[in-house]
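Participant: Once you've had a glance at the structure underneath, I'll fire off some questions.
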Amino acid sequence: MALPLLFVGGWATLITCLCKFVHNLGINSVLLTVLGFVVGLGLSFRSSSAYERYMEGRRYWATLVLTSQNLVRLIWIHADEREGDLGKEDLLGKITACNLIVAFAVALKHKLRFEPYAHYDDLQSLIGHLDTFAQAAGAPNTSHQKPPNPLKTTGEFLGVPMAISNPRKELKRAPAPLGNLPLEILSNLSAYIKDLFNNGTFKVSIYQTQALNNLSTLNDVLTGTDRVLNTPLPIAYSIAISQVTWVYVCMLPFQLYKTLEWVTIPATMVAAYIILGIALIGNEIENPFGNDVNDLPLETFYEELMRDVAVITSKAPPRPGDYVKSALNLPLFPLSQGGFEQWSDKGVEGIREGLRARARLGQAVQEKSGMKEASGREVEV
245 MALPLLFVGG WATLITCLCK FVHNLGINSV LLTVLGFVVG LGLSFRSSSA
295 YERYMEGRRY WATLVLTSQN LVRLIWIHAD EREGDLGKED LLGKITACNL
345 IVAFAVALKH KLRFEPYAHY DDLQSLIGHL DTFAQAAGAP NTSHQKPPNP
395 LKTTGEFLGV PMAISNPRKE LKRAPAPLGN LPLEILSNLS AYIKDLFNNG
445 TFKVSIYQTQ ALNNLSTLND VLTGTDRVLN TPLPIAYSIA ISQVTWVYVC
495 MLPFQLYKTL EWVTIPATMV AAYIILGIAL IGNEIENPFG NDVNDLPLET
545 FYEELMRDVA VITSKAPPRP GDYVKSALNL PLFPLSQGGF EQWSDKGVEG
595 IREGLRARAR LGQAVQEKSG MKEASGREVE V
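With the sequence shown counted from 1, adding 244 to any position gets you the working numbering.
Below you can see the structure in the form of structure tokens.
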């Protein structure tokens, strides 16, 4: 924003000085109204389309977290562990599969940021044992990299479009095929699920169907985020909106001078800051997967998923009998503080009568609460 605002300030100063000391170039403000309407439509379309892409990216990552949690829970709880050494193999296999689900999220983050290799610190330890194209390609070749150019660095800081590096250059300079790492991780997960089917540790058909459906949903997330990344606003729209916006900003000093005179300069800069700022926000959030401040916090998402997976796998699959028969279990709270043993002595009819009493208690509490709220409103009146 700094460079465009400096240009607008210089332009407004030039026009104001010409109008003051040479010849009055002020024009009717009707043009301001007409152009303002067009610019408003253009910026509204630009911002709404960019925000839609931003929210679509967020929905895909929410779907990824939800599906990953479901798949981890299915594998951890519903995949049986056999006896002896086979049981240890089954347990380590389940842990490895859960780690691969986390690795999918991490690999997708890197793919969406045009980081196609497998050597990154948060990824290498999760997929180092897999045979993938990214793993075979090794680390990127840095011999072609040039020392930082002060002009380029300054241009990037000022937001000059020509100075911003192309994030796809790593893909073009790859010494070997890089494949599609998230898709290859899904293939390994599919092979693991198939192995569970074959060895009989994943017996219930509905769980098998759910596991395959979750893998399919993860594939949908992969293709959907790729669509958001690689389908920007058509260039014709971007150029037209940019041109109309700059015409409007450049015409402001001519239309404001008659009314504001010297105040035209700061007024034009303030208006340009607002208008160009809205346009810049649209440009920035159009790709919601980058490293900018306003982009989606992908690191937070996958770290949250990693913590959730660690919580699920931190204990052996729970056995309902352990907590149902616990002395701390109060089945009919708040009606009774009695535990499992006390209520099991009452028989089925006694338990059902207690359930009916708890329902009546809940209704009575609700009615009492409603009466208190009504009396409180009467006091306020």
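For glycine and all other residues, C-beta sits at the position ideal for the given N, C-alpha and C.
1) Going by other Cβ atoms of all chains shown within 10 Å of its Cβ, with 16 needed for buried, is tyrosine 546 buried or exposed?
2) With a threshold of 7 Å on Cβ separation, who are the neighbours of isoleucine 522 within its own chain once the five nearest residues in sequence on each side are excluded?
3) Between phenylalanine 401 and the rest of its own chain, which residues show a CB-CB distance below 7 Å, the 5 nearest in sequence each way excluded?
4) Check for me: the alpha helix (DSSP H) holding glutamine 586 runs from which residue to which?
5) Might you give, ordered along the chain, the residues of its own chain that have their beta carbon closer than 6 Å to the beta carbon of valine 640, omitting 5 neighbours on each side?
6) I need the DSSP call for glutamine 581, collapsed to helix, strand or coil.
7) CB-CB under 7 Å to leucine 258, same chain, minus the five flanking residues each way: which ones, in chain order?
8) For cysteine 342, is the classification buried or exposed, using 16 other Cβ atoms within 10 angstroms of its Cβ as the cut-off for buried?
9) With a 10 Å radius around its C-beta and 16 neighbouring C-beta atoms as the bar for buried, classify alanine 608 as buried or exposed.
10) For leucine 605, count neighbouring C-beta atoms within 10 Å of its own C-beta (all shown protein chains included) and say buried if the count is 16 or more, exposed if not.
11) Alpha carbon to alpha carbon, how far is arginine 600 from valine 472?
12) Do leucine 367 and valine 346 have their C-beta atoms closer together than 7 Å?
13) Tell me where the alpha helix (DSSP H) around glutamate 543 begins and ends.
14) Quick one: what does DSSP say tyrosine 361 is sitting in, helix, strand or coil?
15) Using three-state DSSP, classify arginine 563 as helix, strand or coil.
16) Which same chain residues, not among the five before or five after proline 575, have their C-beta less than 7 Å away from its C-beta?
17) In terms of residues, what are the limits of the alpha helix (DSSP H) holding glutamate 530?
18) From the DSSP output, in three-state form, read off isoleucine 437 for me.
19) Count the other CB atoms, across all protein chains shown, that sit within 10 Å of the CB of methionine 299; report buried if there are 16 or more and exposed otherwise.
20) Residues in its own chain within less than 6 Å of arginine 326 by CB, not counting five upstream and five downstream?
21) Identify, in the order they occur along the chain, each residue of the same chain with its Cβ nearer than 7 Å to the Cβ of serine 293, setting aside the five sequence neighbours on each side.
22) Tell me the rounded alpha-carbon separation between isoleucine 271 and phenylalanine 265.
23) Thinking just about the alpha-carbon of each residue, which of Leu344, Ser570, Thr512 is nearest to the one in serine 431?
24) Pairs of beta-carbons, one from the stretch 478-491 and one from the stretch 354-373, closer than 8 Å: are there three or more?
25) Nearest-angstrom Cα distance between glycine 468 and asparagine 458?
26) Return the chain-ordered list of same chain residues with a C-beta closer than 7 Å to the C-beta of asparagine 463, the five sequence neighbours on each side being excluded.
27) In chain order, what are the residue ranges of uninterrupted alpha helix (DSSP H) at least 4 long that sit wholly in the stretch 266-323?
Facilitator: Looking at the coordinates:
1) Walking along the sequence shown from the start, residue 546 turns up at place 302. Burial call: buried.
2) For the purposes of this step, residue 522 is identified with residue 278 of the sequence shown, where counting begins at 1. Contacts found: Leu287, Ser291.
3) As a first step, residue 401 is located in the sequence shown; it is residue number 157 there, counting from the start. The pLDDT assigned to phenylalanine 401 is 48, lower than 50, so where the model puts this residue is not dependable, and the model offers no usable value.
4) Stepping through the sequence shown from its first residue, residue 586 is reached at position 342. Looking at the DSSP string, the run of the alpha helix (DSSP H) that includes glutamine 586 is 584-588.
5) Because the chain spans 245 through 625 in this model, residue 640 falls outside it and cannot be assessed.
6) Counting from 1 along the sequence shown, the entry for residue 581 is found at position 337. Correct three-state label for glutamine 581: coil.
7) On the sequence shown, position 14 is the one that residue 258 refers to. Here the set comprises nothing.
8) To locate residue 342, count along the sequence shown from 1; it is residue 98. Taking all protein chains in view, the Cβ of cysteine 342 is crowded by 16 or more other Cβ atoms within 10 Å, so the residue is classified as buried.
9) To locate residue 608, count along the sequence shown from 1; it is residue 364. It counts as exposed.
10) Here residue 605 is taken as the residue at index 361 of the sequence shown, counted from 1. With fewer than 16 other Cβ atoms from the protein chains shown falling within 10 Å of its own Cβ, leucine 605 counts as exposed.
11) Residue numbering aside, residue 600 sits at position 356 when the sequence shown is read from its first letter. Residue numbering aside, residue 472 sits at position 228 when the sequence shown is read from its first letter. The alpha-carbon atoms of arginine 600 and valine 472 are separated by roughly 53 Å.
12) The residue given as residue 367 occupies position 123 in the sequence shown. The residue given as residue 346 occupies position 102 in the sequence shown. It is not a contact, given that the beta carbons lie outside the stated cut-off.
13) As a first step, residue 543 must be located in the sequence shown, where it is residue number 299. Note, glutamate 543: alpha helix (DSSP H), 542-556.
14) Within the sequence shown, residue 361 is the residue found at index 117, counting from 1. Under the three-state reduction of DSSP, tyrosine 361 is assigned to coil, being neither helix nor strand.
15) For the purposes of this step, residue 563 is taken as residue 319 along the sequence shown, with counting starting at 1. In the three-state reduction of the DSSP assignment, arginine 563 falls in the coil class.
16) Your numbering for residue 575 matches position 331 in the sequence shown. By the criterion of a C-beta distance shorter than 7 Å, proline 575 is surrounded in its chain by Phe584, Trp587, once the five residues flanking it on both sides are discounted.
17) Counting from one through the sequence shown, the residue named residue 530 turns up at place 286. No alpha helix (DSSP H) contains glutamate 530, which DSSP labels as neither H nor E.
18) Taking the sequence shown and counting its residues from 1, one reaches residue 437 at position 193. The answer is helix: DSSP assigns isoleucine 437 an H, G or I state.
19) Residue numbering aside, residue 299 sits at position 55 when the sequence shown is read from its first letter. Result: exposed.
20) In the sequence shown, residue 326 corresponds to position 82, counting from 1. Correct list, in chain order: Asp334.
21) The residue you call residue 293 lines up with position 49 of the sequence shown. Closer than 7 Å at the Cβ level, and outside the excluded window around serine 293, lie Leu477.
22) Taking the sequence shown and counting its residues from 1, the one referred to as residue 271 is at position 27. Taking the sequence shown and counting its residues from 1, the one referred to as residue 265 is at position 21. For isoleucine 271 and phenylalanine 265, the distance between alpha carbons rounds to 17 Å.
23) What you label residue 431 is simply residue 187 of the sequence shown in a count that begins at 1. Cα-wise, what sits closest to serine 431 is Leu344.
24) no
25) The sequence position of residue 468 within the sequence shown is 224, counting from 1. The sequence position of residue 458 within the sequence shown is 214, counting from 1. Each residue's Cα considered, the two are about 15 Å apart.
26) Residue numbering aside, residue 463 sits at position 219 when the sequence shown is read from its first letter. Within the same chain, asparagine 463 has close Cβ partners Leu430.
27) The DSSP assignment places 274-322 as complete runs of the alpha helix (DSSP H) inside the stretch 266-323, in order along the chain (cut-off: 4 residues).
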